[in-house]
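Numbering follows the numbering used here, with no gaps: position 67 of the sequence shown is 67. Following: one structure in structure tokens, then a few remarks.
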Amino acid sequence: MVERVLIAAGLLALLTLALLAARRLLAARRRATVRRLRSAAAPASGGAGGGRILYFTTPHCVQCRQLQEPALERLVAAAAGRVVVEKVDAVERDDLARQYRILTVPSTAVFGPDGRLVEINEGYAPAERLAAQLGLPAAALPPAPRYSI
């Protein structure tokens, strides 16, 4: 009985170490990708003093339509033309999604006014986070819509 418990504990420890190593490897790959993409200028920058966002989505993404698109609309309204948002279908443009290592939608690649990559957000990114990444004041954002049940 004691041997089984020790074997189970050993296997659990090995699994935990393997998961931690995989997580560190993925994080290192993500940092290397961001460093590589930051060193290359984006094809086009945003408006004067603003930035550019590549918004990766798919036609059937519910979270994209219900959460990410309203957040991007709030950001564009607050930025008054200084931020350009480009909607990219991650399935049709899999080459671009692969280049930025996009594995989930919604995802956003945020570029600063100089055209360099600032951050890649996997999953939903609120308007406040995007504004902070672009260096815009979050106080200028219109209020988020409130939903009641």
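Beta carbons: idealized from backbone N, C-alpha and C, even for Gly.
Can you give the Cα-Cα distance for Arg-29 and Ile-7, rounded to whole angstroms?
Note on geometry: alpha-carbon atoms of Arg-29 and Ile-7 lie some 33 Å from one another.
Expressed to the nearest angstrom, what Euclidean distance is found between the alpha-carbon atoms of Ala-9 and Ala-22?
Straight-line Cα distance between these residues: approximately 20 Å.
Output the distance between the C-alpha atoms of Arg-146 and Leu-15, rounded to the nearest integer angstrom.
Between the alpha carbons of Arg-146 and Leu-15 lies a distance of about 43 Å.
Excluding the five sequence neighbours on either side, which residues of its own chain have a C-beta within less than 8 Å of the C-beta of Val-83, listed in chain order?
These residues qualify, in order along the chain: Gly-46, Gly-47, Gly-50, Gly-51, Arg-52, Ile-53, Leu-75, Val-76, Leu-134, Leu-136.
So with Cβ pairs under 7 Å, would you call Ala-77 a contact of chain B?
The structure shown contains no chain B, having only a single protein chain.
Reducing DSSP to helix, strand and coil, say where Glu-92 ends up.
In this structure, Glu-92 counts as coil in the three-state DSSP scheme.
Hey, would you say Leu-141 sits closer than 7 Å to Ala-78, going by beta carbons?
Taking the C-beta atoms as reference points, Ala-78 is found nearer than 7 Å to Leu-141.
Beta-carbon proximity list for Thr-33, same chain, < 7 Å, skipping 5 on both sides:
Cβ neighbours of Thr-33 within its own chain (closer than 7 Å, five residues either side excluded): Arg-101.
Give me, in chain order, the residues of the same chain whose beta-carbon lies closer than 6 Å to that of Pro-126; leave out the 5 immediate sequence neighbours on both sides.
These residues qualify, in order along the chain: Ala-71.
Would the beta-carbon of Glu-92 fall within 7 Å of that of Ser-107?
For Glu-92 and Ser-107, no; Cβs fall outside 7 Å.
Helix, strand or coil: which one does DSSP assign to Val-105?
Looking at Val-105 - three-state DSSP - the assignment turns out to be coil, as it is neither helix nor strand.
Contact defined as beta carbons within less than 8 Å: I believe Phe-56 pairs with Ala-90. What is the distance between those atoms, to the nearest angstrom?
Contact check for Phe-56 and Ala-90: beta-carbon distance about 5 Å, within the 8 Å limit, so the pair qualifies.
Roughly how many angstroms lie between the CA atoms of Tyr-124 and Asp-95, to the nearest whole one?
A direct Cα-Cα distance of roughly 22 Å separates Tyr-124 from Asp-95.
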